[in-house]
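FYI, the UniProt record's numbering numbers position 131 of the sequence shown as 131, with every residue one higher than the one before it.
Inspection log for the structure reproduced underneath, given as structure tokens.
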Amino acid sequence: MKHPHQGACHCGAVQFEVELTDGVNTARRCSCSFCRMRGAVAVSAPLDGLRILKGADKLTLYQFNTGTAKHYFCSVCGIYTHHQRRSNPNQYGVNVACLDGMSPFDFEELTVEDGVNHPSDGRTGSGIAGILRYSKSEG
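The structure is reproduced here in structure tokens:
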């Protein structure tokens with residue numbers, strides 16, 4: 001790996017390193033029912049760009065609907081670490097909040113993908129549900 005980022009779940013039972021596709025330039029959210037409830041910001045990595053260093057046996061898999069996307073969580077603390085994407089099964093989406101030194105609040109604007117009208121379901125649209133904006137309060 002060229003410049004891997006270190007990451008872990010909240011309790012540290014799962015630890016990994018990941019080489020991102022284009023740094024944090026791929027950061028986004030999604031509007032599908034699951035992502036709306038999860039609320040995470042994800043960045044992209046190729047499937048061979050993520051390596052579990054510790055706790056592979058602590059990862060729990062969750063799938064729903066078509067079963068294409070594979071969402072991984074720590075079975076100890078419940079934190080979502082990464083998922084294999086439905087929109088591109090050759091990529092992982094990695095939870096920014098699990099990466100050392102990063103936070104979802106580091107992004108002033110994020111694209112929100114239209115996961116409700118997913119092309120895999122035969123739906124058409126722009127692919128973008130909107131833009132999520134975050135600004136720090138003056139105080």
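Using N, Cα and C, we set each Cβ at its ideal position, and we do this for glycine too.
- Bounds of the alpha helix (DSSP H) holding R38 are S33 to R38.
- If the five residues before and after L53 are omitted, its C-beta is found closer than 7 Å to the C-beta atoms of Q15, F16 and E17, all from its own chain and listed in chain order.
- According to the DSSP assignment, Q91 belongs to the beta strand (DSSP E) that extends over Q91 to N95.
- Beta-bridge pairing by DSSP links H83 to H71 and G93.
- Just so you know, the alpha carbons of C74 and G39 end up roughly 16 Å apart.
- Collapsing the DSSP output to three states places K136 in coil.
- The beta carbon of A13 sits closer than 6 Å to those of G55, K58, C74 and V76, all from its chain and outside the five residues before and after it, given in chain order.
- If you draw a 10 Å sphere on the C-beta of L99, you find 16 or more other C-beta atoms in it, and that means buried.
- Under a 10 Å Cβ-count criterion, H71 is classified as buried, with 16 or more other Cβ atoms of the shown protein chains found around its own Cβ.
- Per the DSSP secondary-structure output, K54 pairs in a beta bridge with Q15.
- Under a 10 Å Cβ-count criterion, L47 is classified as exposed, with fewer than 16 other Cβ atoms of the shown protein chains found around its own Cβ.
- In this structure, E113 lies away from G101, with their beta-carbon atoms at least 8 Å apart.
- Shown here, G78 sits in coil according to DSSP, grouped into three states, outside any helix or strand.
- Counting along the chain, the unbroken beta strand (DSSP E) around L61 starts and ends at L59 to Y62.
- At least 8 Å separates the beta-carbon of T111 from that of N95.
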